[in-house]
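In the working numbering, the protein residues as written are 519 to 612.
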């Protein structure tokens, strides 16, 4: 789909990622996840191939998370408490 000359306006980036314009702007400008550069008064444009790389890496991360290929820590501490046996001791004495 994308060659190096295909450029997308920020509105197109937002549409392709199905996010708001503000979220797309944050991804491009502030998070630095998608490389960007400004083109005069036309606003921010993004290379389409960079967006495709971002989309595929994000999808791959989601697949890895849902497929169970990564070790998921079960977490928590083991219960090392002894069971309460007070009622058994009382019944034995009687």
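By construction, the Cβ of each residue, glycine as well, lies at the ideal position given by its N, Cα and C atoms.
Where residue i falls: helix, strand or coil (DSSP)
i: residue 573; result: helix
i: residue 579; result: helix
i: residue 538; result: coil
Classification of residue i by the beta-carbon crowding that lies within 10 angstroms, buried from 16 upward
i: residue 548; result: exposed
Rounded separation between residue i and residue j - CA only
i: residue 528; j: residue 567; result: 14 Å
i: residue 561; j: residue 533; result: 16 Å
i: residue 537; j: residue 582; result: 22 Å
i: residue 584; j: residue 571; result: 20 Å
i: residue 531; j: residue 569; result: 7 Å
i: residue 541; j: residue 573; result: 15 Å
i: residue 539; j: residue 580; result: 22 Å
i: residue 563; j: residue 545; result: 13 Å
Extent of the continuous alpha helix (DSSP H) to which residue i belongs
i: residue 531; result: 528-535
For residue i, the first and last residue of its enclosing beta strand (DSSP E)
i: residue 564; result: 562-565
Nearest-angstrom Cβ-Cβ length linking residue i and residue j, presumed shorter than 8 Å
i: residue 525; j: residue 551; result: So it is not a contact: roughly 17 Å between Cβ atoms.
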